[in-house]
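> There's a structure below that I have some questions on.
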Amino acid sequence: MNKKILIIAGIVTILIILGGLFIVLSKNTESGSGGFWGGLPFGSSENSSIPPPQTSPGTVDQVVLTELDPKIRDENGLKKISDVPVSGSTFLQSSTSTEHNVRFIERATGHIYDANLETGNITRVSNTTIPKIEFALWREGGNSFLAQTIDSGILKTKIYEIVEPTGTTTSETFARIDEFSLQDNIFSPTISSQNQIFYLARGISGIEGFVANSRGENPRKVWEFPTSEWLSQTATQNMIALTSKASNSLDGLLYFVNTTNGATSLIISNIPGLTTKVSPSGEIILYSGSEGSSSENYFYNRVEKTGYKAPFDTLPEKCVWTENETELYCFQPKTLFSNLPDSWYQGVVSFNDRLWQTNVSTGETRLVSELQTLSGQYVDAINPAISSDGKYILFTNKKDLTLWAVPTGK
Numbered sequence: 144m145n146k147k148i149l150i151i152a153g154i155v156t157i158l159i160i161l162g163g164l165f166i167v168l169s170k171n172t173e174s175g176s177g178g179f180w181g182g183l184p185f186g187s188s189e190n191s192s193i194p195p196p197q198t199s200p201g202t203v204d205q206v207v208l209t210e211l212d213p214k215i216r217d218e219n220g221l222k223k224i225s226d227v228p229v230s231g232s233t234f235l236q237s238s239t240s241t242e243h244n245v246r247f248i249e250r251a252t253g254h255i256y257d258a259n260l261e262t263g264n265i266t267r268v269s270n271t272t273i274p275k276i277e278f279a280l281w282r283e284g285g286n287s288f289l290a291q292t293i294d295s296g297i298l299k300t301k302i303y304e305i306v307e308p309t310g311t312t313t314s315e316t317f318a319r320i321d322e323f324s325l326q327d328n329i330f331s332p333t334i335s336s337q338n339q340i341f342y343l344a345r346g347i348s349g350i351e352g353f354v355a356n357s358r359g360e361n362p363r364k365v366w367e368f369p370t371s372e373w374l375s376q377t378a379t380q381n382m383i384a385l386t387s388k389a390s391n392s393l394d395g396l397l398y399f400v401n402t403t404n405g406a407t408s409l410i411i412s413n414i415p416g417l418t419t420k421v422s423p424s425g426e427i428i429l430y431s432g433s434e435g436s437s438s439e440n441y442f443y444n445r446v447e448k449t450g451y452k453a454p455f456d457t458l459p460e461k462c463v464w465t466e467n468e469t470e471l472y473c474f475q476p477k478t479l480f481s482n483l484p485d486s487w488y489q490g491v492v493s494f495n496d497r498l499w500q501t502n503v504s505t506g507e508t509r510l511v512s513e514l515q516t517l518s519g520q521y522v523d524a525i526n527p528a529i530s531s532d533g534k535y536i537l538f539t540n541k542k543d544l545t546l547w548a549v550p551t552g553k
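So that you can map any letter, position 282 of the sequence shown is 425 in the working numbering, and since no number is skipped, the others follow by simple counting.
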């Protein structure tokens with residue numbers, strides 16, 4: 144009995160020591176600055192000199208919130224593309240055409256359709272059934288997409304390539320769909336600007352990040368971390384941004400991971416409820432943090448190491464950058480509820496959005512679209528995308544997963 148007691152006591156002592164070491168490491172910072180601006184000892188750190196965020200460029204008086212002109216509102220042209228739920232969508236804009244075409248996947252069947260925003264015509268592209276797609280991510284150009292489905296409790300991921308028909312018979316009027324399987328139960332996949340695929344998978348030591356070719360082949364590990372809850376997005380040509388899954392009560396982290404050599408940089412840390420939207424060059428980051436029961440937005444320039452308050456508050460995943468990074472379009476809820484972002488992620492609350500545009504350099508902000516007035520219903524926008532000429536924004540209504548497009552007035 145005494146021997147058993149000694150063994151148990153020894154195990155408990157070891158656990159206490161390991162727990163204390165973990166706490167010390169978790170609270171260690173690169174610069175000694177606490178609160179929103181600390182760091183963690185994993186990888187190199189870029190945020191050791193992040194200053195407290197200031198107001199928008201110039202003074203607050205220079206931030207112009209322009210109400211939408213009624214005439215512009217009536218002629219705004221909000222378009223509902225699909226009456227049924229969709230799984231993913233993308234723009235198909237030719238450099239030689241002024242028309243705007245959208246390609247999307249019908250959620251229930253996996254059938255692919257093209258919609259012309261100018262004419263309203265919708266054409267079925269494929270007749271291949273891919274039932275109940277949970278998530279779809281299009282490659283630029285719209286000729287390939289990644290889709291995830293659940294089969295007997297297993298998360299399946301495949302790459303689908305669209306082979307346009309060449310024949311004239313009825314059986315050859317639809318595109319052929321070729322498929323390539325990735326490993327099971329991967330999550331948070333991202334298609335990089337180089338058409339590589341980055342994804343996460345659980346490993347022995349926690350979570351591991353892999354880069355594979357355009358068909359998901361020849362994966363190589365470029366990142367690992369003890370905790371498993373992360374969301375990925377493309378940061379630059381060779382960089383993936385990884386943000387810890389947000390919770391109002393937990394401090395968040397943003398890392399940049401070099402997909403070529405695996406080098407890791409800590410960009411932002413110790414922000415409660417951190418969510419992010421990285422600009423196309425990776426230079427500017429829109430992020431939100433929980434302040435008590437509310438959520439507030441900030442810009443951070445990682446090159447100049449400057450930050451300032453955004454002119455409106457929303458969740459960054461409701462925003463989309465223009466290619467030149469001078470402007471940002473955001474769907475902003477008319478009412479922000481408490482306990483964000485948790486309550487929205489869990490489906491406890493739903494938003495009623497308006498679309499705003501802000502000039503990142505000047506801070507000038509204008510109301511682009513009153514979505515409820517134009518649609519006759521509440522709109523909770525997700526998955527926004529902008530056309531290459533900046534004239535349309537594509538989004539899905541989270542309430543019913545229908546697909547919409549709204550002109551920007553450009």
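We put the CB at the ideal spot given by N, CA and C, even for glycine. Note that the coordinates shown come from a computational prediction; the quantities given were computed from them, not determined experimentally.
1) Hey, could you find the ends of the alpha helix (DSSP H) D485 is sitting in?
2) Under 8 Å by Cβ, that's how I've got V503 and E460 pegged, so tell me the actual separation to the nearest angstrom.
3) Quick one, are the C-beta atoms of L289 and I273 less than 8 Å apart?
4) Determine the closest residue to V522 out of G506, A548, T300, with distance taken between C-alpha atoms.
5) Is it true that the CB of L397 sits closer than 8 Å to the CB of I410?
6) Do you know how far the Cα of T403 is from the Cα of D226?
7) How many angstroms separate the CA atom of Y256 from the CA atom of I248?
8) Between S493 and the rest of its own chain, which residues show a CB-CB distance below 8 Å, the 5 nearest in sequence each way excluded?
9) Is any heavy atom in the ligand PLP found nearer than 7 Å to the beta carbon of S408?
10) Go through the stretch 497-537 residue by residue and report every complete run of the beta strand (DSSP E) that reaches 3 residues or more, in order.
11) Roughly how many whole angstroms lie between the Cα atoms of F330 and T478?
12) Is P308 helix, strand or coil by DSSP?
13) Can you give me the start and stop residues for the beta strand (DSSP E) that S287 sits inside?
14) So for P459, helix, strand or coil by DSSP?
15) Quick check: N395 and G416, are their CB atoms within less than 8 Å of each other?
16) If you draw a straight line from the alpha carbon of I383 to that of A355, how long is it in whole angstroms?
17) Report the option in L517, F442, I525 whose CA atom is closest to the CA atom of T501.
18) Measure the alpha-carbon distance for E434 versus A344 and round it to whole angstroms.
19) Between the Cα of K364 and those of S357, E351, T457, R358, spot the shortest distance and give me the residue it belongs to.
20) What do you get for P369, buried or exposed, if any count of 16 or more other CB atoms within 10 angstroms of its CB means buried?
21) Determine the direct distance from the alpha carbon of R358 to that of P195, and round the result to whole angstroms.
22) Could you check whether H254 and N264 sit closer than 8 Å to each other, using their CB atoms as the reference points?
23) Could you compute how far the alpha carbon of G346 sits from the alpha carbon of W366?
24) G432 bridges to which residues according to DSSP?
25) Let me confirm a value: D327 is counted as buried when at least 16 other C-beta atoms fall within 10 Å, else exposed. Which label applies?
26) Along the chain, where does the beta strand (DSSP E) containing S387 start, and where does it finish?
Let me lay it out:
1) 485-488
2) Rounded, the Cβ-Cβ distance is 18 Å, inconsistent with contact.
3) no
4) A548
5) yes
6) 42 Å
7) 6 Å
8) W487, Y521, D523, K541, K542
9) The ligand PLP is absent from the structure shown, which contains no ligands of any kind.
10) 508-512, 524-529
11) 31 Å
12) coil
13) 287-294
14) helix
15) Looking at the sequence shown, residue 395 is not Asn but Gly. Yes.
16) 13 Å
17) F442
18) 32 Å
19) E351
20) exposed
21) With a pLDDT of 48 at P195, under the threshold of 50, the modelled position of this residue cannot be trusted; read the value that follows with caution. When rounded, the distance between both Cα atoms is 43 Å.
22) no
23) 11 Å
24) E439
25) exposed
26) 382-387
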